[in-house]
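S.K.:
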DNA sequence: TATCCGACCTGTTGGC
DNA sequence: TGCCAACAGGTCGGAT
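Residue numbers (our numbering): 226 to 514.
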């Protein structure tokens with residue numbers, strides 16, 4: 226499931242294989258894949274044609290392809306992979322994937338096209354105006370991610386202290402810190418020895434900095450091996466899977482011994498998903514059980 | 001205003 | 001063998 230490291234791997238692939246190419250035509254094969262483009266699939270396809278693609282950007286789990294020659298403000302194709310989205314650079318002759326949703330062809334003689342493939346259709350592409358900073362306007366509410374040099378650790382700590390919430394909810398709140406999903410939240414909390422229900426208002430400055438350090442470490446570790454992949458749902462633009470699932474310490478390890486203390490790891494239903502933790506290393510706060 | 005939580009979506013797995 | 005429920009989870013928008 227794509228979180229920040231996986232999206233960054235895809236962004237780098239797009240920079241290598243798609244940047245500086247000019248769109249010949251786009252084909253929308255499933256309307257839900259462009260549902261965030263309010264003017265619809267036909268409009269999306271028509272407005273892409275003839276534009277050269279700039280260097281891809283990313284914030285958190287969103288990535289975008291700037292379109293050159295789209296006026297003073299500029300426009301960009303915004304992409305979110307959702308749960309199962311893939312952006313693949315494929316030869317024209319490759320058979321269509323079962324869940325191919327959007328195809329973009331280019332004017333050059335290179336024998337490849339860009340495909341958006343998405344089984345569960347939680348992801349999608351859309352076209353938006355960009356801000357003076359080059360950010361698509363609809364993701365202005367998304368916070369900087371922890372790998373962004375301009376991410377403000379102290380401001381993040383102050384925001385946590387103001388919240389009447391719990392630490393894992395805060396990590397998943399993309400308006401506070403972006404790019405963290407269920408997998409890396411559990412990994413960073415395990416490394417920090419923090420229970421997922423720990424109230425944010427009880428975190429000290431040093432504890433927040435330690436948590437942020439672990440968030441960055443786990444993301445950088447995943448990035449170094451091409452991201453996490455449990456199955457074929459997450460792949461880079463060439464269809465290759467990452468290897469970080471072999472390094473996970475918490476996520477998906479219910480019943481297996483904690484790698485620190487040997488206690489069997491637990492899974493708890495949490496907000497229609499799961500939280501994995503060590504009951505000994507990550508003690509629940511007094512109010513929770 | 002802040003926080004919480006259901007809906008969306010489809011393939012896989014396990015139980016009966 | 002076939003049916004059905006549970007599960008995976010990022011984001012949005014309605015409810016509290």
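The beta-carbon is built from N, C-alpha and C at its ideal position, and this holds for glycine as well.
Taking Cβ to Cβ, would you say residue 372 is nearer than 7 Å to residue 392?
M.R.: The residue you call residue 372 lines up with position 147 of the first chain. The residue you call residue 392 lines up with position 167 of the first chain. No.
S.K.: Following the continuous beta strand (DSSP E) through residue 316, name the residue where it begins and the one where it ends.
M.R.: Walking along the first chain from the start, residue 316 turns up at place 91. Its beta strand (DSSP E) spans residues 310-316.
S.K.: Within the same chain, show all residues whose beta-carbon is closer than 6 Å to that of residue 303, passing over the 5 residues directly before and after it, in chain order.
M.R.: In the first chain, counting from the first residue as 1, residue 303 sits at position 78. Around residue 303: 289, 351, 353 and 361.
S.K.: In its own chain, which residues sit with a C-beta less than 8 Å from the C-beta of residue 365, not counting the 5 before and 5 after it?
M.R.: Taking the first residue of the first chain as position 1, residue 365 is located at position 140. Closer than 8 Å at the Cβ level, and outside the excluded window around residue 365, lie 356.
S.K.: Going by DSSP in three states, residue 342 sits in which element: helix, strand or coil?
M.R.: Start at 1 with the first residue of the first chain, and residue 342 comes out as number 117. Looking at residue 342 - three-state DSSP - the assignment turns out to be strand.
S.K.: Do the stretch 380-397 and the stretch 407-425 make contact, defined as three or more Cβ pairs closer than 8 Å?
M.R.: Result yes; three or more Cβ-Cβ pairs closer than 8 Å.
S.K.: Out of curiosity, what's the CA-to-CA distance linking residue 374 and residue 501?
M.R.: Position 149 of the first chain, counted from the first residue, corresponds to residue 374. Position 276 of the first chain, counted from the first residue, corresponds to residue 501. Spanning the two alpha carbons is a distance of roughly 30 Å.
S.K.: Hey, out of 446, 400, 494 and 495, whose CA is closest to residue 473's CA?
M.R.: On the first chain, residue 473 is found 248 positions in, with the first residue counted as 1. Closest by alpha carbon: 446.
S.K.: Throw me the rounded Cβ distance for the residue 311 and residue 343 pair, which I believe falls under 8 Å.
M.R.: For this step, residue 311 is matched to residue 86 along the first chain. For this step, residue 343 is matched to residue 118 along the first chain. That belief holds up - the Cβ atoms of residue 311 and residue 343 are roughly 7 Å apart, short of 8 Å.
S.K.: From residue 229 to residue 379, what does the alpha carbon distance come to, in whole angstroms?
M.R.: Here the question's residue 229 lines up with position 4 in the first chain. Here the question's residue 379 lines up with position 154 in the first chain. The straight-line gap from Cα to Cα measures roughly 21 Å.
S.K.: Of the choices 300, 234 and 292, whose alpha-carbon is the least far from that of residue 363?
M.R.: To locate residue 363, count along the first chain from 1; it is residue 138. Among 300, 234 and 292, the Cα nearest to that of residue 363 belongs to 300.
S.K.: Exposed or buried, which one is residue 258 when buried takes at least 16 other CB atoms within 10 Å?
M.R.: What you label residue 258 is simply residue 33 of the first chain in a count that begins at 1. It counts as buried.
S.K.: Taking residue 374 as part of the beta strand (DSSP E), name the residues at either end of that continuous run.
M.R.: Along the first chain, one-based indexing puts residue 374 at 149. Note, residue 374: premise wrong, no beta strand (DSSP E); not H, not E.
S.K.: Rounded to whole angstroms, what's the CA-CA distance from residue 279 to residue 482? Just pull it up for me.
M.R.: In the first chain, counting from the first residue as 1, residue 279 sits at position 54. In the first chain, counting from the first residue as 1, residue 482 sits at position 257. So the alpha carbons of these two residues sit roughly 47 Å apart.
S.K.: Residue 314 to residue 242, Cα distance in whole Å?
M.R.: As a working mapping, residue 314 is identified with position 89 in the first chain. As a working mapping, residue 242 is identified with position 17 in the first chain. In a straight line, the C-alpha of residue 314 is about 7 Å away from that of residue 242.
S.K.: Determine the direct distance from the alpha carbon of residue 254 to that of residue 583, and round the result to whole angstroms.
M.R.: No answer is possible for residue 583: the residues shown for the chain start at 226 and end at 514.
S.K.: Hey, quick one: how far does the beta strand (DSSP E) through residue 500 stretch, first residue to last?
M.R.: As a working note, residue 500 is residue 275 in the first chain. Start and end: 498-502.
S.K.: Please say whether residue 510 and residue 435 have beta carbons closer to each other than 7 Å?
M.R.: Position 210 of the first chain, counted from the start, is the residue given in the question as residue 435. Position 285 of the first chain, counted from the start, is the residue given in the question as residue 510. In this structure, residue 510 does not lie closer than 7 Å to residue 435 by Cβ.
S.K.: Ignore the nearest five residues each way along the sequence and tell me which others in residue 458's own chain have a CB closer than 6 Å to its CB.
M.R.: In the first chain, the residue the question calls residue 458 occupies position 233. Here the model assigns residue 458 a pLDDT of 49, short of 50, so the residue's position is not dependable, and the following value carries that caveat. So the list reads 309, once near-sequence residues are dropped.
S.K.: So which of 306, 293, 277 and 399 has the shortest CA-CA distance to residue 232?
M.R.: Counted from its first residue, the first chain places residue 232 at position 7. Among 306, 293, 277 and 399, the Cα nearest to that of residue 232 belongs to 306.
S.K.: Could you have a look at residue 457 and say whether DSSP puts it in helix, strand or coil?
M.R.: One-based indexing of the first chain puts residue 457 at position 232. In this predicted model, residue 457 has a pLDDT of only 46, less than 50, meaning its place in the structure is not dependable enough to derive any value.
S.K.: Using 10 angstroms around the beta-carbon of residue 286, count the other beta-carbons present and answer buried if the total reaches 16, otherwise exposed.
M.R.: Counting from 1 along the first chain, the entry for residue 286 is found at position 61. Flag for residue 286 reads buried.
S.K.: Only counting the same chain, and skipping five residues up and downstream in sequence, which positions put a Cβ closer than 7 Å to that of residue 399?
M.R.: Residue mapping note: residue 399 aligns to position 174 of the first chain, counting from 1. Same-chain partners within the cutoff: 285, 367 and 368.
S.K.: Excluding the 5 residues preceding and the 5 following residue 376 in the sequence, name in chain order all residues of the same chain whose CB lies nearer than 7 Å to its CB.
M.R.: Working through the first chain from its first residue, we reach residue 376 at position 151. Cβ neighbours of residue 376 beyond the five flanking positions: 369 and 370.
S.K.: For residue 287, does the three-state DSSP call read helix, strand or coil?
M.R.: Walking along the first chain from the start, residue 287 turns up at place 62. Three-state result, residue 287: strand.
S.K.: Tell me whether the beta-carbon of residue 317 lies closer than 7 Å to the beta-carbon of residue 292.
M.R.: Here the question's residue 317 lines up with position 92 in the first chain. Here the question's residue 292 lines up with position 67 in the first chain. No; because the gap between Cβ atoms is not below 7 Å, this pair is not in contact.
S.K.: For residue 274 and residue 248, which I take to be in contact (beta-carbon distance under 8 Å), what is that distance rounded to the nearest angstrom?
M.R.: Position 49 of the first chain, counted from the start, is the residue given in the question as residue 274. Position 23 of the first chain, counted from the start, is the residue given in the question as residue 248. 6 Å between Cβ atoms; contact.
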